[in-house]
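Asks: Before I ask anything, here is the structure I am working with.
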Amino acid sequence: MQYQAPKGTKDVTPKESYKWQYIEDIIREICDKYGFSETRTPVIEHTELFLRSVGDTTDVVQKEMYTFLDKGDRSITLKPEGTAGVARMFMEHGLFNDAQPTKMYYLYCPVFRYDKPQAGRLREHHQFGVEVYGAPRASVDAECIALALELFERVGIHGLCVNINSIGCPQCRPIYNAALADYLRANYDGLCETCKSRFEKNPLRILDCKEQRCKDICAGAPMITDYLCEDCSAHFDELKGCLNSLDISYKVDPFIVRGLDYYTKTVFEIIANSNGYSGTVCGGGRYDCLMEQLGGPKLPGVGFGLGMERLLLTAELCGAFIPQQRQVEVYVAAADAARVAGFVLAAQLRKAGIKTEFDHVGRSFKAQFKYADKLNARIVAILGEDELRDDRVKLKNMQNGEEKSVELLSAAQSIKEILA
RNA sequence: GUGGGUGUAGUUCAGCUGGAUAGAGCGCCAGAUUGUGGCUCUGGAAGUCGUGGGUUCAAAUCCCAUCACCCACCCCA
44 MQYQAPKGTK
54 DVTPKESYKW
64 QYIEDIIREI
74 CDKYGFSETR
84 TPVIEHTELF
94 LRSVGDTTDV
104 VQKEMYTFLD
114 KGDRSITLKP
124 EGTAGVARMF
134 MEHGLFNDAQ
144 PTKMYYLYCP
154 VFRYDKPQAG
164 RLREHHQFGV
174 EVYGAPRASV
184 DAECIALALE
194 LFERVGIHGL
204 CVNINSIGCP
214 QCRPIYNAAL
224 ADYLRANYDG
234 LCETCKSRFE
244 KNPLRILDCK
254 EQRCKDICAG
264 APMITDYLCE
274 DCSAHFDELK
284 GCLNSLDISY
294 KVDPFIVRGL
304 DYYTKTVFEI
314 IANSNGYSGT
324 VCGGGRYDCL
334 MEQLGGPKLP
344 GVGFGLGMER
354 LLLTAELCGA
364 FIPQQRQVEV
374 YVAAADAARV
384 AGFVLAAQLR
394 KAGIKTEFDH
404 VGRSFKAQFK
414 YADKLNARIV
424 AILGEDELRD
434 DRVKLKNMQN
444 GEEKSVELLS
454 AAQSIKEILA
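Residue numbers (the working numbering): 44 to 463.
Dropping the structure here:
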């Protein structure tokens with residue numbers, strides 16, 4: 044084949060789009076129930092927005108962004124995550140002037156990261172995410188987690204782990220960072236090479252290292268949870284209390300450090316451990332300083348992002364049943380002499396709200412039947428020369444084989460009776 | 001970005017210690033069944049053997065490069 048989709052991108056073929064639609068429908072329904080409204084923001088943003096929000100020392104910004112100059116010499120970036128764009132939209136439209144909180148979600152939002160692709164990790168993937176601004180209490184944090192869990196449950200994904208942590212705020216984190224740096228400096232020689240370089244840029248990231256020697260060192264490192272200020276500590280306690288009250292089981296994992304700089308206080312990850320794919324299927328947290336950092340008012344925020352491709356992959360590995368939504372209700376099979384009449388009948392049935400299919404290939408009468416069967420049509424409306432002459436149509440129920448002849452004019456009514 | 005594996009019909013794969021017209025299942029099309037599907041049987045279409053180069057009398061098979069996918073690391077959704 045001469046052309047193929049660019050590396051790390053994936054087509055959704057017409058055979059599988061129903062899976063996406065199924066999940067999207069569930070998402071809309073749940074978000075609506077929780078009081079979230081959909082928002083849509085551009086695929087491109089000014090590069091500066093991501094430098095200021097995601098953070099210019101993060102891997103995402105440093106090596107994974109699709110950045111280019113447009114014809115007006117503006118530096119433009121394909122969005123690598125969903126939060127920054129929504130924050131920008133929120134400020135640009137002065138939504139902070141409305142009664143708060145503002146609860147928003149985005150769906151099928153394309154996200155780009157220049158990374159080495161593998162299963163569940165693409166260069167272009169699609170996110171569903173939730174953003175709440177103007178709600179400082181930890182109950183929203185818990186509400187977001189509950190929303191995500193409800194989605195997973197509805198889709199049929201089980202065996203999930205909720206890991207939470209608090210990474211403090213500008214008050215307490217510097218104190219912790221200093222303590223961590225002191226500890227790591229004392230153990231510097233034992234760290235792996237990448238961690239040695241991390242030490243200068245972002246020592247927090249070392250906690251996330253998968254190398255055993257670094258893990259061993261980190262096991263004895265000071266814990267952020269011991270350094271939280273009163274406010275952060277109370278917030279973290281409130282979150283745990285809220286999760287407990289909803290019977291959501293979770294694990295406090297002091298080693299969760301998110302890769303995006305805007306997080307404060309709550310961070311969480313939902314991990315799938317299904318046979319085959321195991322990894323983060325949802326990640327999020329609180330970003331109380333983001334809005335201010337971007338030059339807006341001081342307004343707390345919280346949310347999460349969730350990769351749709353990973354969600355779908357995990358659902359399939361869990362053996363989740365995803366119903367095929369469309370089913371042909373009537374296939375109009377017409378003999379050659381009755382083609383025009385059949386074409387018109389199909390149009391009339393559709394007008395009556397019946398899902399109808401008609402032959403546009405020029406198949407033989409018999410082949411039309413075979414094809415109707417392949418489409419899983421529930422009824423075949425037969426228009427032969429006899430029927431055409433008598434202004435009638437024969438309806439065959441494909442499940443039980445029963446046939447009955449009805450007047451052409453009352454076909455829609457008769458079909459509805461059979462379908463009911 | 002680092003290391004490893006794999007690329008053969010639409011699809012899943014066989015063939016690979018070099019040898020003649022490159023195979024199978026499923027799918028697709030047609031017929032058996034001259035107005036009636038599923039099952040069965042018969043036939044058919046469909047492949048630059050990922051791409052480019054090299055070795056050789058001869059390459060799907062060996063070598064090199066390249067592209068893509070998969071796995072691990074990194075990072076993340």
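The beta-carbon is built from N, C-alpha and C at its ideal position, and this holds for glycine as well.
What separation, rounded to the nearest whole angstrom, lies between the Cα atoms of residue 444 and residue 86?
Replies: If I take the Cα positions, the gap works out to 52 Å.
Asks: Going by C-alpha to C-alpha distance, which of 143, 421, 409 sits closest to residue 398?
Replies: The option with the nearest alpha carbon to residue 398 is 421.
Asks: Alpha carbons only, please: which of 126, 308, 214, 450 is nearest the one belonging to residue 346?
Replies: If we check each option's Cα against that of residue 346, 126 comes out closest.
Asks: Count the other CB atoms, across all protein chains shown, that sit within 10 Å of the CB of residue 299; report buried if there are 16 or more and exposed otherwise.
Replies: That one is buried.
Asks: Go through its chain and collect everything with a Cβ distance to residue 44's Cβ below 6 Å, but skip five positions before and after it.
Replies: The predicted model places residue 44 with a pLDDT of 46, which falls under 50 and marks its position as unreliable; any figure quoted below should be read in that light. Closer than 6 Å at Cβ, skipping near neighbours: no residue.
Asks: If residue 353 and residue 51 are in contact, beta carbons under 8 Å, what's the gap, nearest whole angstrom?
Replies: 14 Å between Cβ atoms; not a contact.
Asks: How far does the alpha helix (DSSP H) with residue 23 in it reach, from first residue to last?
Replies: With the chain represented from 44 up to 463, any question about residue 23 goes unanswered, as that position is not in the structure.
Asks: Starting from residue 147, follow the beta strand (DSSP E) in both directions and report where the run begins and ends.
Replies: 145-155 is the extent of the beta strand (DSSP E) around residue 147.
Asks: Quick one: Cα of residue 430 to Cα of residue 153, how far?
Replies: Cα to Cα, the separation comes out at about 52 Å.
Asks: Per the contact definition of three or more C-beta pairs closer than 8 Å, is the region 144-152 in contact with the region 67-80?
Replies: The answer is yes - the region 144-152 touches the region 67-80, with three or more Cβ pairs under 8 Å.
Asks: Rounded to whole angstroms, what's the CA-CA distance from residue 109 to residue 123? Just pull it up for me.
Replies: Looking at the two C-alpha atoms, the distance is approximately 8 Å.
Asks: By Cβ distance below 7 Å, which residues in the same chain neighbour residue 70 in space, the five residues on each side in sequence not counted?
Replies: Hits under 7 Å: 150, 171, 194.
Asks: Taking residue 380 as the reference, give the member of 350, 425, 362, 413 with the closest Cα.
Replies: Closest option to residue 380, Cα to Cα, is 425.
Asks: Among 364, 302, 461, whose alpha-carbon lies nearest the alpha-carbon of residue 251?
Replies: Among 364, 302, 461, the Cα nearest to that of residue 251 belongs to 302.
Asks: Helix, strand or coil for residue 397? Go by DSSP, reduced to three states.
Replies: Coil, per DSSP.
Asks: Going by beta carbon distance, what residues of the same chain come within less than 8 Å of residue 235, once the five residues before and after it are set aside?
Replies: Answer for residue 235: 252, 254, 256, 257, listed in chain order.
Asks: Roughly how far, in whole angstroms, is the beta-carbon of residue 464 from the beta-carbon of residue 203, given that I think they are within contact range, below 8 Å?
Replies: Residue 464 is absent from the structure shown; the chain starts at 44 and stops at 463.
Asks: What are the partner residues of residue 435, as DSSP defines its beta bridges?
Replies: In the DSSP output, where bridge partners are listed per residue, residue 435 has 450.
Asks: Taking only the alpha-carbon atoms, compute the straight-line gap between residue 276 and residue 116 and give it to the nearest angstrom.
Replies: Cα to Cα, residue 276 sits roughly 46 Å from residue 116.
Asks: Alpha carbon to alpha carbon, how far is residue 462 from residue 332? Give it in angstroms, no decimals.
Replies: Going from the Cα of residue 332 to the Cα of residue 462 covers about 57 Å.
Asks: Give the straight-line distance between the Cα atoms of residue 103 and residue 329, rounded to the nearest whole angstrom.
Replies: Computed Cα separation, rounded: 19 Å.
Asks: What three-state label does DSSP hand residue 176 in the structure shown?
Replies: Three-state DSSP puts residue 176 in a strand.
Asks: Do you know offhand how far residue 143's Cα is from residue 348's?
Replies: So the alpha carbons of these two residues sit roughly 21 Å apart.
Asks: Within 10 angstroms of the Cβ of residue 411, are there 16 or more other Cβ atoms? Answer buried if so, exposed if not.
Replies: Buried is the call here.
Asks: What's the C-alpha gap between residue 423 and residue 438?
Replies: For residue 423 and residue 438, the distance between alpha carbons rounds to 6 Å.
Asks: Would you kindly work out how many angstroms separate the C-alpha atoms of residue 404 and residue 168, rounded to a whole number?
Replies: C-alpha separation (whole angstroms): 36 Å.
Asks: Buried or exposed: where does residue 295 fall if 16 or more other Cβ atoms within 10 Å of its Cβ makes it buried?
Replies: Exposed: under 16 other Cβ atoms inside 10 Å.
Asks: Do you know how far the Cα of residue 367 is from the Cα of residue 56?
Replies: Roughly 14 Å separates the two Cα atoms.
Asks: Could you check where the alpha helix (DSSP H) with residue 276 kicks off and where it finishes?
Replies: Run containing residue 276: 273-288, per the alpha helix (DSSP H) assignment.
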